[in-house]
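> As they're listed, the protein sequences go chains Z and Y.
Counting from 655, one number per residue, gives the positions in the first sequence under my numbering.
Counting from 757, one number per residue, gives the positions in the second sequence under my numbering.
Each residue gets a CB set at the ideal place from its N, CA and C atoms; glycine is no exception.
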Amino acid sequence: MNQIVLIVVLPLLAAFLVPIVARMSASLGAALGPLVMGVCLWITGTVAIESAGNAFAINIGGFMPPLGITFFVDRLALLFAFLTALLVLVLWPFQGEHRPREHALTLILAAASGGLALSGDLFNIYVFYELVSVASFGLVATGRRSSAPAIRYLILSGFGSVLALVGIALVYTQTGTLNLAHLSQLAPTHLINPIGLAAFALILLGVGVKAELFPVNTWVPEVYATAPNRVSALLAGLVSKLAALVILRLLVLVFAQEQALLVMLLLGLLGVITGELAAWRAQDMNRMLAYSSIGQLGMVFVAFSIPGETGVFAGLAIALHHLVVKPALFLLAARWGGALSGLAGAAGGNLPAALLFTLFALSLVGVPPLPGFWAKLLLVMGLAEQVGPLYHFALAGILIATVVEANYLFRIVSTLFHRDSPASPAPQKHSGGDIATAGLFGASLIAAVLLLIPLSQSLKTIAQQTADAAAYRAVVTLAPTTSTLGDTQ
Amino acid sequence: MRNLASLLFAGGLGFLLMVFGLQFDFGNAPMLVGQAIQSAAPEQVGAANIVTAVVLGYRGIDTLGELAILFAASTAVGLILGHRHTSTKPDPDSGLILRAGGELLMPLLLVVGLYIILHGHLTPGGGFQGGVILAAAFFIPVLARPSTPLKHTGMMLIEGFSGAAFILIGLAALYSGGEFLQPLLDKGTLGNLVSAGTLPLLYLAVGLKVGAELAGLLAHLAAAEVSES
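#1: At the level of alpha carbons, what is the spacing between Ser1137 of chain Z and Leu858 of chain Z?
#2: Have a look at the DSSP bridge pairing and note the partners of Val727 of chain Z.
#3: Report the neighbours of Leu913 of chain Y on chain Z: residues whose CB is nearer than 8 angstroms to its CB, in chain order.
#4: Using a 10 Å radius around the Cβ and a threshold of 16 neighbouring Cβ atoms, would you call His1046 of chain Z buried or exposed?
#5: Taking Leu772 of chain Z and Val662 of chain Z to be in contact with their CB atoms under 8 angstroms, please state how far apart those CB atoms are, rounded to whole angstroms.
#6: Leaving out five residues before and five after Leu997 of chain Z in sequence, what residues of the same chain have Cβ atoms less than 8 angstroms from its Cβ?
#7: Kindly indicate if chain Z contains any beta-carbon less than 8 angstroms away from that of Ser985 of chain Y.
#8: Whose C-beta lies closer than 7 angstroms to the C-beta of Ala1077 of chain Z among residues of the same chain, with five residues either side of it excluded?
#9: For Leu951 of chain Z versus Val1019 of chain Z, is the C-beta distance shorter than 8 angstroms?
#10: In chain Y, which residues lie less than 8 angstroms from Val628 of chain Z when you measure between Cβ atoms?
#11: The region 1100–1133 of chain Z: which residues have C-beta closer than 9 angstroms to a C-beta of chain Y, in chain order?
#12: Just checking my contact of Phe922 of chain Y with Leu823 of chain Y at CB under 8 angstroms: how many whole Å lie between their CB atoms?
#13: Excluding sequence positions up to five away, which residues of its chain have a Cβ less than 7 angstroms from the Cβ of Ala1080 of chain Z?
#14: Out of Z:Leu904, Z:Ala684, Z:Val1041, Z:Phe1011, state which residue places its alpha-carbon closest to the alpha-carbon of Ala982 of chain Z.
#15: Can you name the start and end residues of the alpha helix (DSSP H) that Glu935 of chain Y belongs to?
#16: Apart from the five residues just before and just after Arg937 of chain Z, which ones in its own chain have a Cβ nearer than 7 angstroms to its Cβ?
#17: Please list, in chain order, the chain Y residues whose beta carbon lies closer than 8 angstroms to that of Ile849 of chain Z.
#18: Work out the CA separation of Val810 of chain Y and Ala1144 of chain Z for me, nearest whole Å.
#19: Name the chain Y residues that come within less than 7 angstroms of Pro869 of chain Z, Cβ to Cβ?
#20: Taking C-beta pairs closer than 8 angstroms, name the residues in chain Z that Asp942 of chain Y reaches, listed in chain order.
#21: Counting only beta-carbon separations shorter than 8 angstroms, does Met757 of chain Y have a partner in chain Z?
#22: Within its chain, find whatever has a CB closer than 7 angstroms to the CB of Val1174 of chain Z; leave out the 5 residues flanking it on each side and keep chain order.
#23: By the DSSP assignment, the alpha helix (DSSP H) with His836 of chain Z in it spans what residues?
#24: Cβ closer than 9 angstroms: which chain Y residues qualify as neighbours of Pro720 of chain Z?
#25: Within 10 Å of its beta-carbon, does Lys907 of chain Y have 16 or more other beta-carbons around it, so buried, or fewer, so exposed?
#26: Is Phe726 of chain Z buried or exposed, if buried means 16 or more other CB atoms sit within 10 Å of its CB?
#27: Counting beta carbon pairs with one atom in the region 855–871 of chain Z and one in the region 804–819 of chain Z, are three or more of them shorter than 8 angstroms?
#28: Determine which residues share a DSSP beta bridge with Asp775 of chain Z and list them.
#29: Where Ile948 of chain Z and Arg901 of chain Y are concerned, what is the direct C-alpha to C-alpha distance, given to the nearest angstrom?
#30: From Phe895 of chain Y to Glu784 of chain Z, what distance separates their C-alpha atoms?
#31: Please list the partners that Leu759 of chain Z has in chain Y, where partner means a Cβ-to-Cβ separation under 9 angstroms.
#32: At the level of alpha carbons, what is the spacing between Gln779 of chain Y and Pro848 of chain Z?
#33: 8 angstroms is my cut-off, CB to CB: does Phe884 of chain Y come that close to chain Z?
#34: Which of the three DSSP states, helix, strand or coil, is assigned to Asp1088 of chain Z?
#35: Nearest to Val870 of chain Z by alpha carbon, out of Z:Leu845, Z:Pro842, Z:Thr928?
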């Protein structure tokens, strides 16, 4: 089962070779990327079947942890590895001029995302996080509309990386190890103190840049408004979720303390409120989607701040729902950029796109039979179970945010279906590929409604496995010398 | 408003730093993994330079990640600067002294760079450091003669194949029954030039890749400068 490492390595290999292959044969170069992502899908699938849901760890280079680096493979990691390969494949830049460099960067993004899902070592996570950042800088800058947002994104991202690195360094000075399982073992004695909390806050803010966490998300609207929509879809759909996954792992394993949860709850709630209010005021489709994405990610963080399995379950549900809905919305918005008022009657020119948009909007708001409703219900129920005024305050905040969300999304839907439009300028056609891809996301949303019970069952088992820190420690066998050293410390 | 928010953020960060200052037990950091690696590395990896044992052995996949970061950065630069036309004339060649100096320096830098790369598992140095020197070896002649730029094709080939070689060595270990990037071949005697198994080969791949990458990056930037002016 150690072939799972291939989902990180093969895309990197392909990325290194794409420029050369593309020079020899353009068509082969164009086919290499999708082919490799297909192989990654297949590998993840076979490993998932082989492991039968049991978590296992592989030691890269054959060195026992915590000396070497461990990849920890459980249901959650496999799920996200699978979704990474799938989303990259679905959002692959098939159309337009063929640029090998763009393909190479997309492959690197895929490799690093797979690494983030699998890695069980704090510094290794940082390396993959940095790799995701650098690859996304390049992809964002391909928009050509303006490079200023990309540069601001680069600066904020770099700042975040520094914060995260300082946080990791603090953890290392306190414990002397970087392996997550080992850290989890040492955390109760070494990290439940102000320094541990500060380290968590730094890592949270640093990784939060990609996860669109409240104070460090100012890059989101302008980057999503100027980057190519497929890139926005990848960043909002995939990369933000992987950053949230990293934070979830750290929260469960290393920083399982009450104050850390409160910090997350507060920042998440602020994200929900500011994101939804800003989306309500936004005048541009892409910006509105970006702000709404901030709100949704805030909800994920609020959910993760509920201790135990309930929070993980609700957070994963919201994250996965957003992962399906937001990329599709960005694809649909590709031709609907510019002022929202210019969209009056756009449904007349393109009925399927407008209908799909309505479906996703309904699910995002949480209209009952659609998956978005069940995800929000889980969150609301989880918050209601908790004692403490802050949780109930968050509950109220989320309900109010939902009303705001409903208001602006339905406003757009009614604009799209506006009947007597004042002679709309030549209807902007969507490319067939975008519509088909969005249709694919829509179909999976409908399928999720039909398969709701088995899906929620399997998500519950994933949440159970993820929230169980003791099981994680049991899977990773540490080298004997260091574990005894740890006890005597 | 924006200033106020930045001020608040900076204040919070300052408070955090103050907390560290008060709480920190300086000079007594636990060295769990560090000590374990120091005692185990010579026997497990066989590299006299323990830093190399960490960089290529224990944390080899991190190094692969670093290589990919460098590759992503230079690819992004190429993507952004790539479609500019170099219609303007490059700067004229510099005088005799600079040209002759550049030509003299190149072989020296090549030797030093390769030496540092190939002795990376024995003495301080290695692929990254040596690679930078190799890049300088190729870039100094370009500075002396701006009219004869680097050949992108050659750089691209070295870059791609050396990166692929690093991964293929790792995959060879995976397919011979071990784990990805597990050191292969005989460890030899500690301190010999031919020792530490596949580590010197990995460092050679790293060095060539870093060298080609940086030289390509510098050439791109130089070309962009020309077209800007």
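The relevant details are as follows:
#1: Legend: pLDDT at Ser1137 of chain Z = 49, less than 50; position of this residue unreliable, value from coordinates given subsequently. Taking the straight line joining both Cα atoms gives about 27 angstroms.
#2: Z:Phe710
#3: Ile674
#4: exposed
#5: 7 angstroms
#6: Met939, Trp990, Ile1066, Thr1069, Leu1070
#7: Summary for Ser985 of chain Y: the model assigns pLDDT 49, below 50, so the residue's position carries little reliability; its value from the coordinates is reported in the next sentence. Taking Cβ atoms only, chain Z never reaches closer than 8 angstroms to Ser985 of chain Y, which makes this a no.
#8: In this prediction, Ala1077 of chain Z scores a pLDDT of 49, lower than 50, which makes its location untrustworthy; no coordinate-derived value is stated.
#9: no
#10: Residue 628 of chain Z lies beyond the residue range present for chain Z, which begins at 655 and ends at 1143; the question has no answer from this structure.
#11: Ala1133
#12: 7 angstroms
#13: In this prediction, Ala1080 of chain Z scores a pLDDT of 48, lower than 50, which makes its location untrustworthy; the coordinate-derived value is nonetheless stated afterwards. Contacts found: none.
#14: Z:Phe1011
#15: Run containing Glu935 of chain Y: none; DSSP gives neither H nor E here.
#16: The question names Arg, but residue 937 of chain Z is Gln in the sequence shown. So the qualifying residues of the chain are Ala993, Leu994.
#17: Val775, Phe776, Gln779, Phe780
#18: The structure shown has nothing for residue 1144 of chain Z, since chain Z only spans 655 to 1143.
#19: Phe765
#20: Those within 8 angstroms of Asp942 of chain Y in chain Z number zero; the least Cβ separation is about 16 angstroms.
#21: no
#22: Summary: the structure shown does not reach residue 1174 of chain Z, with chain Z confined to residues 655 through 1143, and so no result is reported for it.
#23: 834–844
#24: Leu788, Val789, Ala792
#25: exposed
#26: buried
#27: With a cut-off of 8 angstroms on Cβ pairs, the region 804–819 of chain Z is in contact with the region 855–871 of chain Z, counting three or more such pairs.
#28: Partner(s): Z:Asn833.
#29: 51 angstroms
#30: Those two C-alpha atoms are separated by around 27 angstroms.
#31: Ala828, Thr831, Ala832, Leu835
#32: 8 angstroms
#33: no
#34: helix
#35: Z:Thr928
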